[in-house]
Ligand SMILES: [Zn+2]
């Protein structure tokens, strides 16, 4: 299966005010520090948000790609609930070629984050050098992260993210729009301004614990 939404053209990466409102509605909370929209629905709505590798409050932030579309996030949650991560971890342990491809995906994730840091004017974030997300490079800890990576960079980069997207094809495929009714479009969107002083100074997009590998040196900063 192809998911060409990943090949977001440069001009469509830049989040518009409308994109940020849609993200807030998709997530049911305000978003901050979103610097790009790396994957879009065929209708143009965001599927994945890219968060700055360093937040506006200075915190290093390793989890760059975040799935935002409720249809996709809930479908991926079904995979997690069905134990797909366990079977993927077993496959990683027994398949050297898969393990190597997954390690390459980790490197791609780091490179993509560096590129986003450059494009957004943030530059290098040495505190999170070598730290990706989702359990990479050796484990699977969050399928949402892997699927978000695959959508953001296109198929053929993250083998387990690609597989997760294939496994949700019963509920979502890249060639169709599933936006209608997928989130509340009535009333006020969650306000971006109200999010500026969140409880932990983290962006509203981080609604659950960030699936981050935690070297001792950066764990505190990343949390
Ligand atoms: Zn759509």
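Residue numbers (the UniProt record's numbering): 1 to 223.
C-beta: ideal position from N, C-alpha, C; glycine also.
Given the structure is predicted, the values throughout are model-derived calculations rather than measurements.
With DSSP as the reference, please indicate the residues paired to residue 51 in a beta bridge.
By one-based count along the chain shown, residue 51 stands at place 51. Partner(s): 34.
Within 8 Å, do at least three Cβ pairs link the stretch 86 to 103 to the stretch 62 to 73?
With a cut-off of 8 Å, the stretch 86 to 103 and the stretch 62 to 73 do not count as touching, because too few Cβ pairs lie within range.
Bridge partners of residue 112, per DSSP?
Looking up residue 112 in the chain shown gives position 112. In the DSSP output, where bridge partners are listed per residue, residue 112 has none listed.
Since I believe residue 160 is in contact with residue 145 (beta carbons under 8 Å), could you give me their beta-carbon distance rounded to a whole number of angstroms?
Position 145 of the chain shown holds residue 145. Position 160 of the chain shown holds residue 160. Actually they are not in contact, since the Cβ atoms of residue 145 and residue 160 sit about 10 Å apart, beyond 8 Å.
Let me know if residue 14 comes out buried or exposed under the rule of 16 or more other beta-carbons within 10 Å of its beta-carbon.
Within the chain shown, numbered from 1, the residue matching residue 14 stands at position 14. Exposed is the call here.
By DSSP, does residue 60 sit in helix, in strand, or in coil?
Here residue 60 refers to the residue found at position 60 when the chain shown is read from its first residue. Three-state DSSP puts residue 60 in a strand.
CB of residue 179 to nearest heavy atom of ligand 1: below 7 Å?
Residue numbering aside, residue 179 sits at position 179 when the chain shown is read from its first letter. Within the cutoff, so yes.
Is any heavy atom of ligand 1 found at a distance shorter than 7 Å from the C-beta of residue 42?
Here the question's residue 42 lines up with position 42 in the chain shown. Residue 42 Cβ: within cutoff of ligand 1.
Could you give the C-beta distance for residue 34 and residue 23, rounded to a whole number, given that I count them as a contact under 8 Å?
Here residue 34 is taken as the residue at index 34 of the chain shown, counted from 1. Here residue 23 is taken as the residue at index 23 of the chain shown, counted from 1. Between residue 23 and residue 34 the Cβ distance is about 6 Å, and since that is below 8 Å, they are a contact.
How would you label residue 142, buried or exposed, when you count the other beta carbons within 10 angstroms and need 16 or more for buried?
Along the chain shown, one-based indexing puts residue 142 at 142. When all chains shown are included, residue 142 counts as buried.
Which word fits residue 18, buried or exposed, when buried means at least 16 other C-beta atoms lie within 10 angstroms of its C-beta?
Counting from 1 along the chain shown, the entry for residue 18 is found at position 18. Classification for residue 18: exposed.
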